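Chains A and B, in that order, give the protein sequences. Counting from 1, one number per residue, gives the positions in the first sequence under the numbering used here. Counting from 1001, one number per residue, gives the positions in the second sequence under the numbering used here. The beta carbon of each residue, even a glycine, is placed where N, CA and C say it ideally should be. None of these values were measured; they are calculated from a predicted model. Heads up, the thing below is written out as C-alpha cells.
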Amino acid sequence: MARAEESTAPEFSHVVASHRPQIFRFLLASTRDVDLAETLTQECFLKAHRHWASFRGESTTMTWLMRIAINLQKDHWRNRRVQFWRQTSTNSVDLDEASEWLPSGESSQEQTLLARERVGQVWKAVEGLSERQRTVFLLRFVEEMELSEIARTTGLSEGTIKAHLSRALARVRTELGGRR
Amino acid sequence: MSWISRFTGRTEDAPEIEELDPALKQALSEFKASVHAWSDAEMGRTRTVRATVVRRTWRLVAGWSLAAMLLAGTASGGIYEYHQRQLQAQAAAIREAEHQRQLAAQKALEDAQQEEDMLASVDTDVSRETPSAMDPLVQLSEDDSGTQ
C-alpha cells in the first residue's frame, strides 16, 4: 500500500503542477475570493490525492479535477446558508477591483480604460447569473472548454448547457448595452 | 427559455465563440484575459499561507468567541432568571404560609369567642326559663296560710 502510494506520488505531483493553475483560476473567477479559491484548490487536490488510486481514467484528469472543484464550491456555499455569516465572512473583491486586472499590452490609456469598463460589465453580468449558469459560462468562455467536456464535467446535458450559455450571453449583451 | 423553445421543446442554441458579434467577442476575450492575468498574478505572488491562515484563524476565533459569548450570556441569563423565580416562589410560599397561619389563628380566636358567646347565651336562657327548685313549695305554703 505504502509502496503503491510512493509510486503514484511523482505522478500526482505532476498532475498538481500541470492542473493547479486552471483549477485555481476557475475557483477564483467563481468566487472572486483569493483566499477561498486557494483553500478550495488545496481541498480539491487533497480529495483527488485521496481518491487517486480509484481514478479509472474514464474522463480526462482535468475533467475529473474540475468536477471535484465544482462540487467543493457547491458544498461551500451550501454550508453557508446563514446570510449573516455569509456577509460577514465573505472576502470577495468587488467588481471594480476584479476589473482592474488586464494583461499588460501595448494599448493606449484610453483603450485600457474602455477594456476595463467592458470587463467590469461582464463581471456584473456574471454576478447576476445563477450558480449553474456562471459555472457553465466560466468553463466555456474563460477555460474555453468544449460543450461535450463541460457536459462531462458538470453532468448536464449539452442541450441544458447551450440554454445556460444562451441566457448568460443575453445577460452579458444587456450589460454591454444591448448590442447584438 | 424563450417562448419559442417553450412551445417547441427545443433548447436555445448557444452560438460558437467564432459566431459571436465582434463587440461581444471582444468583451469576452478581454474578460478571459483579465481573469487569466488576475489568476496568474495571484499564483505568482509569494503568498504567505500563514497570513491567510492567521486571517482565517482570527476570523474563526472571533466568530467562535462571539458565539460563545452569546451562548454564555443566554445560559447565564437563563440561570439568573431561574434563580430569581426560585427565590420569588420561596418568598411567595412563605407569605402564603404566614397568611394561612394568621387565618387559622383568627379562625381559632373567632371559634373560641363564638363558643364562649354560645355558652353564655345558654347559661342566660337556662337561668331564665328553669323555675327555681323551691318555687312550688313556696307557693304551697302561701296557699296553706291563706286557707287557715
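Would you mind reading off the limits of the alpha helix (DSSP H) that contains residue i?
i, result
"S130(A)", "Counting along the chain, S130(A) falls outside any alpha helix (DSSP H), and DSSP gives it neither H nor E."
"T60(A)", "Element bounds for T60(A): n/a, residue is neither H nor E."
"R32(A)", "No alpha helix (DSSP H) contains R32(A), which DSSP labels as neither H nor E."
Relative to the C-alpha of residue i, which residue among the options is closest?
i, options, result
"M1043(B)", "S148(A), A17(A) and F55(A)", "A17(A)"
"H1036(B)", "E43(A), L27(A), C44(A) and L40(A)", "L27(A)"
"W1038(B)", "L102(A), H51(A) and G57(A)", "L102(A)"
"R132(A)", "L156(A), K47(A), E117(A) and E149(A)", "L156(A)"
"D33(A)", "E97(A), R67(A), M62(A) and I68(A)", "E97(A)"
"L114(A)", "L176(A), K162(A) and R67(A)", "L176(A)"
"L1028(B)", "W52(A), S54(A) and L138(A)", "L138(A)"
"E100(A)", "T41(A), N79(A), S107(A) and R116(A)", "R116(A)"
"Q111(A)", "E1019(B), P1022(B), E1030(B) and L1020(B)", "E1030(B)"
"A53(A)", "Q42(A), N79(A) and E11(A)", "E11(A)"
Do you know offhand how far residue i's Cα is from residue j's?
i, j, result
"R3(A)", "A37(A)", "For R3(A), the predicted structure reports a pLDDT of 43, less than 50, and the residue's modelled location is therefore unreliable. A value from the coordinates is still provided. Rounded to whole angstroms, R3(A) to A37(A) spans 32 angstroms at the Cα level."
"V119(A)", "W77(A)", "25 angstroms"
"G1077(B)", "A1067(B)", "15 angstroms"
"I23(A)", "S13(A)", "15 angstroms"
"V15(A)", "C44(A)", "12 angstroms"
"L1140(B)", "Q1114(B)", "42 angstroms"
"A1097(B)", "H1083(B)", "21 angstroms"
"L147(A)", "A125(A)", "21 angstroms"
"L1070(B)", "W1064(B)", "10 angstroms"
"M66(A)", "I1079(B)", "51 angstroms"
"A1105(B)", "S1121(B)", "24 angstroms"
"L1109(B)", "R1095(B)", "21 angstroms"
"A1033(B)", "A48(A)", "28 angstroms"
Would the beta-carbon of residue i fall within 8 angstroms of that of residue j?
i, j, result
"S59(A)", "R152(A)", "yes"
"S30(A)", "Q73(A)", "yes"
"T135(A)", "T160(A)", "no"
"R20(A)", "T41(A)", "yes"
"L1024(B)", "R173(A)", "yes"
Could you have a look at residue i and say whether DSSP puts it in helix, strand or coil?
i, result
"G1073(B)", "helix"
"V119(A)", "helix"
"S1005(B)", "Confidence in S1005(B) is poor, its pLDDT being 41 and thus under 50, which makes the residue's placement unreliable; the coordinate value appears in the next sentence. The answer is helix: DSSP assigns S1005(B) an H, G or I state."
"E143(A)", "coil"
"S1065(B)", "helix"
"D1123(B)", "helix"
"E100(A)", "coil"
"L1020(B)", "coil"
"R1085(B)", "helix"
"G155(A)", "coil"
"N71(A)", "helix"
"L40(A)", "helix"
"R50(A)", "helix"
"L176(A)", "coil"
"R1045(B)", "coil"
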